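Trainee: Quick one: this structure, given as structure tokens, is what I'll be asking you about.
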Amino acid sequence: MEEHLVDWSRAQFALTAMYHWIFVPLTLGLGFIVAIMETIYVKTNDEFWKKTTKFWMGLFAINFAIGVATGIIMEFEFGTNWANYSWFVGDIFGAPLAVEGILAFFMESTFFAVMFFGWEKVSKGFHLLSTWLVAIGSNLSALWILVANGWMQYPVGMTFNPDMVRNEMNNFWDVLLSPVAISKFLHTIGSGYVLASLFVIGVSAWYLLKKRDILFAKKSMIIGATFGLITSIFLILSGDESAHQVSLKQPMKLAAMEGLYEGEEKVGIVAFGLLNPEKTITNDENTFLFDFTIPYALSFLSFHDINAYVPGIKDLVYGNEERGILSVEEKMQKGKIAIEALESYKEAKKTSNESLLNNSKILLDENMKYFGYGHIKNKEDVIPPVSITFYSFHIMVGLGTWFTILFALVLFLLTKKEILNYPIVLKSALFSIPLGYIASEAGWIVAEVGRQPWAIQDLMPVGIAATKIATTNVMISFFIFAILFTVLLIAEIKIMTKQIKIGPNGGH
Numbered sequence: 031m032e033e034h035l036v037d038w039s040r041a042q043f044a045l046t047a048m049y050h051w052i053f054v055p056l057t058l059g060l061g062f063i064v065a066i067m068e069t070i071y072v073k074t075n076d077e078f079w080k081k082t083t084k085f086w087m088g089l090f091a092i093n094f095a096i097g098v099a100t101g102i103i104m105e106f107e108f109g110t111n112w113a114n115y116s117w118f119v120g121d122i123f124g125a126p127l128a129v130e131g132i133l134a135f136f137m138e139s140t141f142f143a144v145m146f147f148g149w150e151k152v153s154k155g156f157h158l159l160s161t162w163l164v165a166i167g168s169n170l171s172a173l174w175i176l177v178a179n180g181w182m183q184y185p186v187g188m189t190f191n192p193d194m195v196r197n198e199m200n201n202f203w204d205v206l207l208s209p210v211a212i213s214k215f216l217h218t219i220g221s222g223y224v225l226a227s228l229f230v231i232g233v234s235a236w237y238l239l240k241k242r243d244i245l246f247a248k249k250s251m252i253i254g255a256t257f258g259l260i261t262s263i264f265l266i267l268s269g270d271e272s273a274h275q276v277s278l279k280q281p282m283k284l285a286a287m288e289g290l291y292e293g294e295e296k297v298g299i300v301a302f303g304l305l306n307p308e309k310t311i312t313n314d315e316n317t318f319l320f321d322f323t324i325p326y327a328l329s330f331l332s333f334h335d336i337n338a339y340v341p342g343i344k345d346l347v348y349g350n351e352e353r354g355i356l357s358v359e360e361k362m363q364k365g366k367i368a369i370e371a372l373e374s375y376k377e378a379k380k381t382s383n384e385s386l387l388n389n390s391k392i393l394l395d396e397n398m399k400y401f402g403y404g405h406i407k408n409k410e411d412v413i414p415p416v417s418i419t420f421y422s423f424h425i426m427v428g429l430g431t432w433f434t435i436l437f438a439l440v441l442f443l444l445t446k447k448e449i450l451n452y453p454i455v456l457k458s459a460l461f462s463i464p465l466g467y468i469a470s471e472a473g474w475i476v477a478e479v480g481r482q483p484w485a486i487q488d489l490m491p492v493g494i495a496a497t498k499i500a501t502t503n504v505m506i507s508f509f510i511f512a513i514l515f516t517v518l519l520i521a522e523i524k525i526m527t528k529q530i531k532i533g534p535n536g537g538h
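Structural data, given as structure tokens:
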């Protein structure tokens with residue numbers, strides 16, 4: 031496959047995914063915050079809470095509509111730009127996406143109309159139910175999409191069909207309940223809840239700084255900070271499980287996340303540090319120009335044992351016989367055996383050679399788990415971009431820690447002090463809104479860049495997954511999408527800021 035074609039296809043999909051993810055997390059969290067506010071309204075029958083709910087619901091609706099547009103484009107790109115991948119994954123990847131479209135998206139879209147337009151047309155109870163179902167439907171959509179993504183990170187529940195040259199699902203529950211998929215889902219929705227909470231307290235802080243809609247802002251901020259503090263703790267716990275699964279299933283990603291070149295026992299975690307740009311796997315330069323490390327923490331984070339051995343990049347590339355780690359060269363050999371066995375199987379099928387057919391099938395099954403390595407040209411190619419993965423991971427963790435502190439501080443000042451007397455906290459809450467988006471995008475960079483060069487872990491490199499089309503076509507569509515998505519983003523920001531300036535009282 032032409033290298034420039036693959037790079038442009040990757041760039042286009044990364045562009046679409048990252049723009050899409052600007053809109054999704056706010057939808058995931060704000061839906062529940064709105065549902066909580068409406069529940070208070072139905073319980074108290076206080077018109078203040080109806081007005082508050084309607085305000086935040088309006089912002090939710092703007093974000094929801096634009097998020098749908100980018101999501102549809104992203105799903106179509108699997109067919110247009112990644113046809114080899116789409117064929118190779120068979121019905122496995124398509125099944126959860128089909129369920130998402132038929133069940134979850136249908137549910138949230140149907141009840142969205144009732145939620146947004148049905149205030150005076152249906153009973154309070156049914157309207158409240160519709161609001162909760164929209165919030166639940168949005169998160170169910172995320173579940174099925176993340177199940178599909180989790181399968182790419184850790185392919186399970188399938189068999190390879192050599193006649194069709196594709197993987198086919200043989201256990202739906204293994205795919206759905208994959209520990210990687212579940213941990214990825216929980217951590218991802220957690221990040222959405224935290225971002226939505228930051229959005230609510232940040233917008234509310236703006237009102238307080240402007241000395242307007244004070245009661246509305248304080249009440250909204252209490253709900254946002256409470257929801258945010260609870261979900262940020264949930265995010266930390268789900269992040270711990272997610273890192274544990276990465277250490278078990280994608281050790282190279284973990285090594286890149288921590289800039290760990292040499293495997294160690296009792297290894298610490300780098301709280302912050304600056305990577306040495308001269309460091310590579312082939313030299314003995316120091317990994318960091320400076321770093322602050324928490325002793326034993328990486329061993330504990332990875333395997334819940336402070337004495338555990340964590341393999342480094344060198345172990346995973348060159349192998350470590352003592353630790354039972356195969357080298358990439360050994361995996362490449364096994365991958366080539368699998369590819370050759372597949373070719374022999376096809377030839378035997380044509381000539382009706384039963385003996386060759388059976389032997390080829392046995393060889394293929396024995397080496398299929400390393401199939402993708404047969405397409406790797408250089409053993410160092412399996413190392414993901416270390417600096418991008420390392421810094422993205424540490425930005426995500428650092429900002430996540432700050433958000434937890436901010437929620438606790440805001441909640442304390444709201445309940446024990448007069449928060450209006452602390453403008454520095456209000457400004458911090460306001461300026462933490464973009465930080466929430468940065469942290470959320472950084473998490474996805476860790477997840478996707480950290481697993482390179484794989485489209486499907488160990489089974490298909492990205493270079494093999496792309497559609498063989500004219501590079502010019504991909505370049506043109508890249509710039510069209512870049513302009514389109516940027517216009518959509520600017521439009522959303524303008525519409526949202528306009529609605530925020532109008533406020534819950536319609537500018538009165």
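Counting along the sequence shown from 1, when you hit position 32 you're at 62 in the numbering used here, and nothing is skipped either side. Every residue, glycine too, gets a C-beta built ideally from N, C-alpha and C. Note that this is a predicted model, so its numbers are computed, not measured.
1) Buried or exposed, going by whether 16 or more other CB atoms sit within 10 Å of the CB of residue 493?
2) In the structure shown, what three-state DSSP assignment does residue 355 receive?
3) Taking Cβ positions, are residue 47 and residue 104 nearer each other than 9 angstroms?
4) Note down, in chain order, each residue of its chain lying with its Cβ closer than 7 angstroms to the Cβ of residue 191, except the 5 sequence neighbours on either side.
5) Which residues in the same chain have their Cβ closer than 7 angstroms to the Cβ of residue 538, if we skip the five residues on either side of it in sequence?
6) Is there contact here, the stretch 206 to 224 with the stretch 234 to 241, by at least three beta-carbon pairs under 8 angstroms?
7) What are the start and end residues of each continuous alpha helix (DSSP H) run of 4 or more residues lying completely inside the stretch 298 to 383, in chain order?
8) Hey, which unbroken runs of the alpha helix (DSSP H) at 4 residues or more fall wholly within the stretch 415 to 460?
9) Please work out which residues of its chain come closer than 7 angstroms, Cβ to Cβ, to residue 275, disregarding the five sequence neighbours upstream and downstream, and give them in chain order.
10) Is the distance from the Cβ of residue 184 to the Cβ of residue 100 below 9 angstroms?
11) Under three-state DSSP, which class holds residue 496?
12) Nearest CA to the CA of residue 106: which residue from 92, 124, 91 and 94?
13) Helix, strand or coil for residue 538 per DSSP?
14) Have a look at residue 201 and residue 248 and give me their C-alpha separation to the nearest angstrom.
15) Could you give the residue range of the beta strand (DSSP E) that holds residue 484?
16) I'd like to know whether the C-beta atoms of residue 393 and residue 371 end up nearer to each other than 9 angstroms.
17) May I ask which residues mark the beginning and end of the alpha helix (DSSP H) holding residue 33?
18) Helix, strand or coil: how does DSSP classify residue 192 here?
19) What does the Cβ neighbour count give for residue 289, buried or exposed, with the cut at 16 atoms within 10 Å?
20) Just curious, the alpha helix (DSSP H) that residue 405 is in, first and last residue?
21) Taking only three categories from DSSP, how would you classify residue 201?
22) Return the bridge partner residues of residue 490 from the DSSP annotation.
23) According to DSSP, is residue 295 part of a helix, a strand, or is it coil?
24) What did DSSP end up calling residue 531 once you bin it into helix, strand or coil?
25) Starting from residue 270, trace the alpha helix (DSSP H) both ways and give me its first and last residue.
26) Just the C-alpha distance for residue 131 and residue 138, rounded to the nearest angstrom, thanks.
27) Pull up the distance between the alpha-carbon of residue 330 and that of residue 526, whole angstroms please.
28) If you draw a straight line from the alpha carbon of residue 239 to that of residue 43, how long is it in whole angstroms?
29) Considering only C-alpha positions, which residue in the set 252, 267, 311 and 339 is nearest to residue 298?
30) Under a three-way DSSP split, which group does residue 150 fall into?
31) Let me confirm a value: residue 534 is counted as buried when at least 16 other C-beta atoms fall within 10 Å, else exposed. Which label applies?
32) Residues in the same chain with beta-carbon distance under 7 angstroms from residue 40, minus the five sequence neighbours each way, listed in chain order, please.
33) So, do the stretch 309 to 316 and the stretch 432 to 445 have three or more beta carbon pairs nearer to each other than 8 angstroms?
34) For residue 134, name the three-state secondary structure that DSSP assigns.
Mentor: On the basis of the coordinates in this document:
1) Here residue 493 corresponds to residue number 463 of the sequence shown, with the count starting at 1. Classification for residue 493: buried.
2) Walking along the sequence shown from the start, residue 355 turns up at place 325. Reduced to three states, the DSSP call for residue 355 is strand.
3) In the sequence shown, residue 47 corresponds to position 17, counting from 1. In the sequence shown, residue 104 corresponds to position 74, counting from 1. The answer is yes: Cβ separation under 9 angstroms.
4) As a first step, residue 191 is located in the sequence shown; it is residue number 161 there, counting from the start. Answer for residue 191: 198, listed in chain order.
5) On the sequence shown, residue 538 is found 508 positions in, with the first residue counted as 1. Only weak support exists for where residue 538 lies, its pLDDT of 49 falling under 50; the coordinates are left without a value.
6) no
7) 327 to 333, 343 to 348 and 358 to 381
8) 416 to 446
9) Against the sequence shown, residue 275 aligns to sequence position 245. Closer than 7 angstroms at Cβ, skipping near neighbours: 209, 210 and 213.
10) Residue numbering aside, residue 184 sits at position 154 when the sequence shown is read from its first letter. Residue numbering aside, residue 100 sits at position 70 when the sequence shown is read from its first letter. Going by C-beta atoms, residue 184 is not nearer than 9 angstroms to residue 100.
11) If you number the sequence shown from 1, residue 496 lands on position 466. Coil at residue 496, not helix or strand.
12) Counted from its first residue, the sequence shown places residue 106 at position 76. For the residues 92, 124, 91 and 94, the minimum Cα distance to residue 106 belongs to 124.
13) Indexing the sequence shown from 1 puts residue 538 at position 508. Low per-residue confidence applies at residue 538: pLDDT is 49, beneath 50, and the placement is therefore not dependable enough to give any value.
14) Locating residue 201 in the sequence shown gives position 171, where the first residue counts as 1. Locating residue 248 in the sequence shown gives position 218, where the first residue counts as 1. If you take the alpha carbons of residue 201 and residue 248, they lie about 50 angstroms apart.
15) Translated into the one-based positions of the sequence shown, residue 484 becomes position 454. Counting along the chain, the beta strand (DSSP E) containing residue 484 begins and ends at 484 to 486.
16) Position 363 of the sequence shown, counted from the start, is the residue given in the question as residue 393. Position 341 of the sequence shown, counted from the start, is the residue given in the question as residue 371. Yes; because the gap between Cβ atoms is below 9 angstroms, this pair is in contact.
17) In the sequence shown, the residue the question calls residue 33 occupies position 3. Per DSSP, residue 33 belongs to the alpha helix (DSSP H) from 33 to 74.
18) Locating residue 192 in the sequence shown gives position 162, where the first residue counts as 1. Of the three classes helix, strand and coil, the one that applies to residue 192 here is coil, per DSSP.
19) If you number the sequence shown from 1, residue 289 lands on position 259. Residue 289 comes out buried.
20) By 1-based counting over the sequence shown, the position of residue 405 is 375. Note, residue 405: premise wrong, no alpha helix (DSSP H); not H, not E.
21) Numbered from 1 along the sequence shown, position 171 holds the residue referred to as residue 201. In the structure shown, residue 201 sits in coil (DSSP, three-state: anything other than H, G, I, E or B).
22) Mapped onto the sequence shown, residue 490 falls at position 460. Beta-bridge pairing links residue 490 to 486.
23) What you label residue 295 is simply residue 265 of the sequence shown in a count that begins at 1. DSSP places residue 295 in strand when its eight states are reduced to three.
24) Against the sequence shown, residue 531 aligns to sequence position 501. It is helical.
25) Counted from its first residue, the sequence shown places residue 270 at position 240. Looking at the DSSP string, the run of the alpha helix (DSSP H) that includes residue 270 is 244 to 279.
26) Mapped onto the sequence shown, residue 131 falls at position 101. Mapped onto the sequence shown, residue 138 falls at position 108. Answer to the nearest angstrom: the Cα atoms are 10 angstroms apart.
27) Here residue 330 is taken as the residue at index 300 of the sequence shown, counted from 1. Here residue 526 is taken as the residue at index 496 of the sequence shown, counted from 1. Cα-Cα distance, rounded: 43 angstroms.
28) Walking along the sequence shown from the start, residue 239 turns up at place 209. Walking along the sequence shown from the start, residue 43 turns up at place 13. So the alpha carbons of these two residues sit roughly 40 angstroms apart.
29) As a first step, residue 298 must be located in the sequence shown, where it is residue number 268. The shortest Cα separation from residue 298 among 252, 267, 311 and 339 belongs to 339.
30) By one-based count along the sequence shown, residue 150 stands at place 120. Residue state, collapsed to three classes: coil.
31) Against the sequence shown, residue 534 aligns to sequence position 504. Residue 534 comes out buried.
32) Counting from 1 along the sequence shown, the entry for residue 40 is found at position 10. These residues qualify, in order along the chain: 492.
33) no
34) As a first step, residue 134 is located in the sequence shown; it is residue number 104 there, counting from the start. In this structure, residue 134 counts as helix in the three-state DSSP scheme.
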